[in-house]
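Enquirer: Mind looking over this structure? Questions follow.
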Amino acid sequence: MPKKRYFQVRKELVDIISRQKLAGNRLPPEADLAKRLGVSRGTIREVMQTLAREGIISKKHGLGNFVHKSAIETKMRIDTIQDFVKMIESGGYEARMEKIGSSKDVLIEDEFFEKASSNLNIENKEDLINLQSLYYADAKPAIFTQVYIPKDIILDDPDKEIKESLFKFLDAFCNQTIEQTIIKFEPRLASGIAAEMLEMKHNEPLIMWEEYYYNIYDEVVCVALAHFHPEFMKFTMLRKAETDASN
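Just add 297 to wherever you are in the sequence shown, counting from 1, and you've got the numbering used here.
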């Protein structure tokens, strides 16, 4: 199914869930939805599978598809959104991203170099590319990011702007296909460049997101650090109940 059509059907189903009072808190049968939206039942089923994974609907055998408006209304969900612009927008802010520097004109602080170098097997700062960006929420700094990539895997201009996603950047300019990432969260006190960029006082609390990008050989080829201003970034996550679990 074309992506454009998929997202259109998804939007229409989410609108139905959000705006209509549904009898028994359930969607109409798939056949009725397919006829109403002018698509096949297969298309409806494919979109519904995604909505189920996101917690927007619950499929109960023999009972139908129950809806959960609460999942739609929950903002800044880190289990479904990892694009920072979209994450800021989901919080109700106007968002934009600004590239603020690369390894040619920014200082790599020792603490952050240690985090990156220990995972990338790099000994010298000169062997790393450091791309830094600032994300704004209603024109105020909300997220400061630092991306560390070994110079020896860069195949193109390292000052290229990451316009879409880091996954696509690594594929296009480093010939690295990322299989998965591991994210760690760490509470910190604002200091150094992070405090400066986020316009925070030193020792104010913030959250740092550490993300490690793994290729098919299970090698870390990129480390990304993101510092979040707590005034704007309030993360949520939906945890689905396991049907065979006791809690």
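Just so you know, even glycine gets a beta-carbon here, dropped at the ideal spot from N, CA and C. Quick caveat, the model's predicted, so the values are computed rather than measured.
1) With DSSP run on the structure shown, which of helix, strand or coil describes asparagine 472?
2) How is the alpha helix (DSSP H) around tyrosine 303 delimited, first residue to last?
3) On the CB-based measure, 16 or more other CB atoms within 10 Å of its CB, does threonine 377 come out buried or exposed?
4) Using the three-state DSSP reduction, which class does leucine 417 fall into: helix, strand or coil?
5) For asparagine 265, which beta-bridge partners are listed by DSSP?
6) Cα-Cα, which of Thr340, Ser315 and Gly321 is closest to phenylalanine 304?
7) In three-state terms, what does DSSP make of glycine 389?
8) Quick one: is phenylalanine 482 buried, meaning 16 or more other Cβ sit within 10 Å of its Cβ, or exposed?
9) Label methionine 534 either buried or exposed according to how many other C-beta atoms from any shown protein chain fall within 10 Å of its C-beta, with 16 as the threshold for buried.
10) Give me, in chain order, the residues of the same chain whose beta-carbon lies closer than 7 Å to that of aspartate 402; leave out the 5 immediate sequence neighbours on both sides.
11) Histidine 524 bridges to which residues according to DSSP?
12) If we count the other Cβ atoms within 10 Å of its Cβ and call it buried at 16 or more, is alanine 436 buried or exposed?
Expert: According to the data block:
1) coil
2) 300-316
3) So threonine 377 ends up on the buried side.
4) helix
5) The chain is shown from 298 up to 544; residue 265 falls before or after that span and cannot be answered.
6) Thr340
7) coil
8) The residue in question, phenylalanine 482, is exposed, as its Cβ has fewer than 16 Cβ neighbours within 10 Å.
9) By the 10 Å Cβ count, methionine 534 comes out exposed.
10) Bear in mind that a pLDDT of 48 at aspartate 402, under 50, signals an unreliable position, so the number given afterwards is only what the model happens to contain. Same-chain partners within the cutoff: there are none.
11) Phe441 and Met505, per the DSSP bridge assignment.
12) exposed
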